[in-house]
Amino acid sequence: MTRLLAMLLALCLPWLAMAQPMGDPAPLQYRDRAEEARFHALAAELRCVQCQNQSLADSNAQIAHDLRREVLNLMREGRSDAQIKQFLVERYGEFVLYRPRMEGSTLLLWLGPGVLLLAGAALLYAHVKRRGRALPAPAAAADDANQDEREW
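Residue 2 is where the sequence shown starts when you use my numbering, and the numbers rise one by one after that.
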């Protein structure tokens, strides 16, 4: 009986997911074009804390809708972009920023790709150099050397 209920629940999950509202119930209203442009630029720099790979502007998660409203409210309170970002970092951590600040805790994030690239290049160079020493001389070169010896 338990297995039957689990199977029915598994079959119903896709329909339950489709029944959830997919969009923002009430779209944001901007006072003017400048406010809208500033909002979109700021939302593009912030990461959705649930989706993890989408900006706040692109995400359709409910928390992204809530955060967009929060950002707009903070803008209307007169806070600067830096203050809004700092507010969100304090609440959700450095992860919320698409371009985290250069600090001790994010140093590996900023320098890691370059260090890995240099290490890979050094390993490739060492491998090619070692392989070059290990290869025997080509047969044609050996034949030329033997012919030179015969001429003497």
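Glycine included, every Cβ here is placed at the ideal spot set by N, Cα and C.
If we ignore side chains and look at the alpha-carbon of each, how far apart do residue i and residue j end up?
i: V90; j: V97; result: 6 Å
i: C52; j: Y31; result: 25 Å
i: H41; j: G113; result: 30 Å
i: P28; j: V129; result: 59 Å
i: D59; j: H66; result: 10 Å
i: L73; j: M103; result: 27 Å
i: N61; j: E37; result: 18 Å
i: W111; j: L117; result: 11 Å
i: G121; j: R131; result: 15 Å
i: G115; j: L109; result: 10 Å
Mind checking which residues open and close the alpha helix (DSSP H) that includes residue i?
i: Y126; result: 108–135
i: L73; result: 63–77
i: E36; result: 34–46
i: F88; result: 82–93
Please say whether residue j and residue i have beta carbons closer to each other than 8 Å?
i: Y99; j: E46; result: yes
i: R48; j: L57; result: yes
i: I85; j: L124; result: no
i: R39; j: M76; result: yes
May I ask you to list the residues that DSSP assigns as paired with residue i?
i: S56; result: R48
i: L98; result: L47
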